[in-house]
Amino acid sequence: MEFDQSEENQHVTVSKFESMLKTNNVCFFDSNEFENIIHHYLENGKVSLAKKAIKLGLSQHPSSLNLKLFQVEILIFENKLNEADRLLSPLFEIEPNNEELYIQKANIYSKKDQHQKAIEIFKSAVEISDDCSDLYSLIGMEYLFLDKFQEAKLNFMKCIELDLENYSALYNIIYCFDFLDDSDGAIVYLTNYLEKNPYCEVAWHQLGKQYNTTKELLKAVTAFDFAIISDETFVGAYLEKAKVLENLNRFEEAIENYEITLAIENTNPFALIKIGYCYEKLEKLELALQYYLKAVEEDPALDKGWMRITKFFNSKKEYLKALYYINKAIEIDSENSSYWILYSNINERLNKLEEAERGYKKTLELGDVELNIWLSRGDILIKLGEYEAASFNFTQALEYYPNSEELEFRLSGICLKLNDSETGYAHLLTALHINSEHVFILEELFPDVYNRKAVLQLIENFKNT
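Numbered according to this note's numbering, the sequence shown spans residues 449 to 913.
Right, dumping it as structure tokens:
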């Protein structure tokens, strides 16, 4: 449907319509005016007003196909698919070559998750359409829903052949290449595309990202440079170029590019963090801290900023400050296990063992079940004298690491400490069979148990067998 009414005339028409609604005085509008009113409301997300305009429009122009199509579109939007289909079917008899009818019919199938049927309808529309570029893009989207990335890619390419500047389709093509793990194919396609459209900043930007994926970093920098030449305000190109320069250890140049993004956008907490990181790599630590603090000042909800500050003070062994800032990060994202690990490490250094144990427990609850987490938590419980809790912790860990002598030696020490000799000796023998050289674990954590005559005798007998 075409909407060629000037913006000024459309404003007058919409104002007249809204004035009519307020006064209840029914005015006459021609069908084109109704179409523009409805289009205006849909573009601005005012669906209820669009529905009122459709109702009144159909009362004045009951045979208007375009108004009926708007009615169908609203029903599809509201997920009233069967009702939309009932209204749509008789319209094919009126205008069997109307492309919009096929599009709405396909949309109904798509919303019903019948994507293959939607594709067939879109293909029928291609046969009668004078401009198929958008239709090929719609077909591509349906193939994406079916996870058929090769077919999707080919249809987006057909769209680009007809409309070189359809950047949405271009992004989708690269998405398909990425999903198919075909960076080389993406590079070839983008290179060919740029021969036809050499000043396309989007294509240069995507080419740079592909070169970054293939570790051709110098080519990536060049591609981002061309993206910037094509559009000197393209923030994404400066950011990507700066990240590549970081990987090349060209930190001063990376900082320059991040600073350009700040000049363009005025505020960019991500860029501030990255500048801080670059200064850290250049061992200008106080300057790095300044930028981290600026980042969290601009965006207090930026947990990565608080994390950077935490690591800064942690590296300087200022653990109380580090603890303050890691708590800030956890307040924002309490489901990030790496934050809890650092929280626990800091509390251990401050000898706040109960808090450290709580952090490790939370880490395990979040699904981070690395062996060192189980060991750290269990060792703290041992220090706290919570032997039964430590035993339960190590027993759980054995489910993940059944051949760990580190767990077995600890369990043997706990069981013998609790005078469960039979279980303790069983764990000790298992540990010795796995790796007898690590018996020092028992000696360090449970010296009183290790120095028992019976334990030393068992270890000696094992070595002599």
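Even for Gly, the Cβ is constructed at its ideal location relative to N, Cα and C.
Closest by CA to Ala498, which one among Ser631, Ile485 and Leu733?
Position 50 of the sequence shown, counted from the start, is the residue given in the question as residue 498. Of the listed residues, the one whose Cα sits closest to Ala498 is Ile485.
Closest by CA to Thr639, which one among Trp652, Gln519 and Asp629?
Numbered from 1 along the sequence shown, position 191 holds the residue referred to as residue 639. Looking at the Cα atoms, Trp652 is the closest of the given residues.
Got a sec, what are the start and stop residues for the alpha helix (DSSP H) Phe682 sits in?
What you label residue 682 is simply residue 234 of the sequence shown in a count that begins at 1. Per DSSP, Phe682 belongs to no alpha helix (DSSP H) and is neither H nor E.
Just how far apart, CA to CA, sit Trp754 and Ser824?
Translated into the one-based positions of the sequence shown, residue 754 becomes position 306. Translated into the one-based positions of the sequence shown, residue 824 becomes position 376. Per the coordinates, the alpha-carbon of Trp754 lies some 24 angstroms from the alpha-carbon of Ser824.
Write down the C-beta distance between Tyr706 and Ala685 rounded to the nearest angstrom, noting that I regard them as a contact closer than 8 angstroms.
If you number the sequence shown from 1, residue 706 lands on position 258. If you number the sequence shown from 1, residue 685 lands on position 237. Between the beta-carbon of Tyr706 and that of Ala685 there is about 12 angstroms, and that puts the pair past the 8 angstroms contact cut.
List the endpoints of the continuous alpha helix (DSSP H) containing His743.
If you number the sequence shown from 1, residue 743 lands on position 295. At residue 743 the sequence reads Ala, which differs from the His that was named. It spans Leu733 to Glu746 - the alpha helix (DSSP H) in which Ala743 sits, taken as one unbroken run.
Length of the line joining the Cα atoms of Tyr623 and Gln658
As a first step, residue 623 is located in the sequence shown; it is residue number 175 there, counting from the start. As a first step, residue 658 is located in the sequence shown; it is residue number 210 there, counting from the start. Answer to the nearest angstrom: the Cα atoms are 11 angstroms apart.
Check whether the Cβ atoms of Phe570 and Ile556 lie closer than 7 angstroms to each other.
As a first step, residue 570 is located in the sequence shown; it is residue number 122 there, counting from the start. As a first step, residue 556 is located in the sequence shown; it is residue number 108 there, counting from the start. No. Outside cutoff.
Report the start-end ranges of each beta strand (DSSP E) in the segment 636-672 that is 3 residues or longer and not cut off at the edges.
none
Mapping DSSP to helix, strand and coil, what is Arg698?
The residue labelled residue 698 in the question sits at position 250 within the sequence shown. Here Arg698 sits in coil by DSSP.
Simplified DSSP assignment, three categories, for Asn784:
Locating residue 784 in the sequence shown gives position 336, counting from the first residue. Secondary structure at Asn784: coil, using DSSP grouped into helix, strand and coil.
Note down, in chain order, each residue of its chain lying with its Cβ closer than 8 angstroms to the Cβ of His875, except the 5 sequence neighbours on either side.
Locating residue 875 in the sequence shown gives position 427, where the first residue counts as 1. For His875, where only same-chain residues beyond five positions count, the Cβ hits under 8 angstroms are Glu856, Phe857, Leu859, Ser860 and Cys863.
To the nearest angstrom, how far is the alpha carbon of Arg534 from that of Phe540?
Position 86 of the sequence shown holds residue 534. Position 92 of the sequence shown holds residue 540. Each residue's Cα considered, the two are about 11 angstroms apart.
Spatial distance of Arg797 from Glu766 (CA atoms):
As a working mapping, residue 797 is identified with position 349 in the sequence shown. As a working mapping, residue 766 is identified with position 318 in the sequence shown. If I take the Cα positions, the gap works out to 10 angstroms.
Roughly how many whole angstroms lie between the Cα atoms of Leu628 and His488?
One-based indexing of the sequence shown puts residue 628 at position 180. One-based indexing of the sequence shown puts residue 488 at position 40. Roughly 40 angstroms separates the two Cα atoms.
Simplified DSSP assignment, three categories, for Arg879
Walking along the sequence shown from the start, residue 879 turns up at place 431. Rather than Arg, the amino acid found at residue 879 in this sequence is Ala. If DSSP states are grouped into helix, strand and coil, Ala879 belongs with the helices.
Exposure label - Tyr550; buried when at least 16 CB within 10 Å:
Locating residue 550 in the sequence shown gives position 102, where the first residue counts as 1. Looking at its Cβ environment, which holds 16 or more other Cβ atoms inside 10 Å, Tyr550 is buried.
Skipping 5 residues on each side, what residues in its chain have a beta carbon closer than 7 angstroms to that of Leu529?
The residue you call residue 529 lines up with position 81 of the sequence shown. If we look at Leu529 and ignore the five residues flanking it on each side, its Cβ neighbours are Ile556, Lys559 and Lys560.
Do you know offhand how far Glu643's Cα is from Tyr637's?
Indexing the sequence shown from 1 puts residue 643 at position 195. Indexing the sequence shown from 1 puts residue 637 at position 189. Each residue's Cα considered, the two are about 10 angstroms apart.
Three-way DSSP call (helix, strand, coil) for Val474 in this model:
One-based indexing of the sequence shown puts residue 474 at position 26. Val474 falls in the coil class under three-state DSSP.
What number of angstroms, rounded off, separates the C-alpha of Thr709 from the C-alpha of Val683?
On the sequence shown, position 261 is the one that residue 709 refers to. On the sequence shown, position 235 is the one that residue 683 refers to. Distance between the alpha carbons of Thr709 and Val683: 6 angstroms.
Along the chain, where does the alpha helix (DSSP H) that runs through Gly833 open and close?
Along the sequence shown, read from residue 1 onward, the residue named residue 833 stands at position 385. Run containing Gly833: none; DSSP gives neither H nor E here.
Count the other C-beta atoms from every protein chain shown that fall within 10 angstroms of the C-beta of His563, then say buried if there are 16 or more, exposed otherwise.
Position 115 of the sequence shown, counted from the start, is the residue given in the question as residue 563. Answer is buried; the Cβ neighbour count reaches 16.
How should His509 be labelled, buried or exposed, when 16 other C-beta atoms within 10 angstroms of its C-beta is the threshold for buried?
Here residue 509 corresponds to residue number 61 of the sequence shown, with the count starting at 1. Buried is the call here.
DSSP state of Asn793, grouped into three classes?
Counting from one through the sequence shown, the residue named residue 793 turns up at place 345. Three-state result, Asn793: helix.
When burial is assigned at 16 or more other CB atoms within 10 Å of the CB, is Phe699 buried or exposed?
In the sequence shown, residue 699 corresponds to position 251, counting from 1. Buried, because 16 or more other Cβ atoms sit within 10 Å of the Cβ of Phe699.
What residue range is occupied by the uninterrupted alpha helix (DSSP H) comprising Lys717?
Taking the sequence shown and counting its residues from 1, the one referred to as residue 717 is at position 269. Looking at the sequence provided, one finds Pro at residue 717 rather than Lys. Pro717 -> alpha helix (DSSP H) spans Pro717 to Lys729.
Would you kindly check if the distance between the Cβ of Leu720 and the Cβ of Tyr727 is under 7 angstroms?
In the sequence shown, the residue the question calls residue 727 occupies position 279. In the sequence shown, the residue the question calls residue 720 occupies position 272. 7 angstroms or more divides the Cβ of Tyr727 from the Cβ of Leu720.
Please identify the residue among Gly826, Leu832 and Lys831 whose C-alpha is closest to the C-alpha of Phe842.
Reading the sequence shown from its first residue, position 394 is the one you call residue 842. Ranking Gly826, Leu832 and Lys831 by Cα distance to Phe842 puts Gly826 first.
Gly588, enclosing alpha helix (DSSP H) - first and last residue
As a first step, residue 588 is located in the sequence shown; it is residue number 140 there, counting from the start. Looking at the DSSP string, the run of the alpha helix (DSSP H) that includes Gly588 is Ser581 to Phe593.
Quick check on Phe672: buried or exposed, where buried means 16 or more other Cβ atoms within 10 Å of its Cβ?
As a first step, residue 672 is located in the sequence shown; it is residue number 224 there, counting from the start. Under this definition Phe672 is a buried residue.
Own chain, CB closer than 7 angstroms to Leu866, minus 5 neighbours either side, in chain order:
Translated into the one-based positions of the sequence shown, residue 866 becomes position 418. If we look at Leu866 and ignore the five residues flanking it on each side, its Cβ neighbours are Tyr835.
Close beta carbons around Ser884, own chain, < 6 angstroms, minus the five adjacent residues each side
Stepping through the sequence shown from its first residue, residue 884 is reached at position 436. Cβ neighbours of Ser884 beyond the five flanking positions: none.
My guess is that Ala617 and Ile608 are in contact by the Cβ rule of under 8 angstroms, so how many angstroms apart are they, rounded?
Here residue 617 corresponds to residue number 169 of the sequence shown, with the count starting at 1. Here residue 608 corresponds to residue number 160 of the sequence shown, with the count starting at 1. That pair is a contact at about 5 angstroms.
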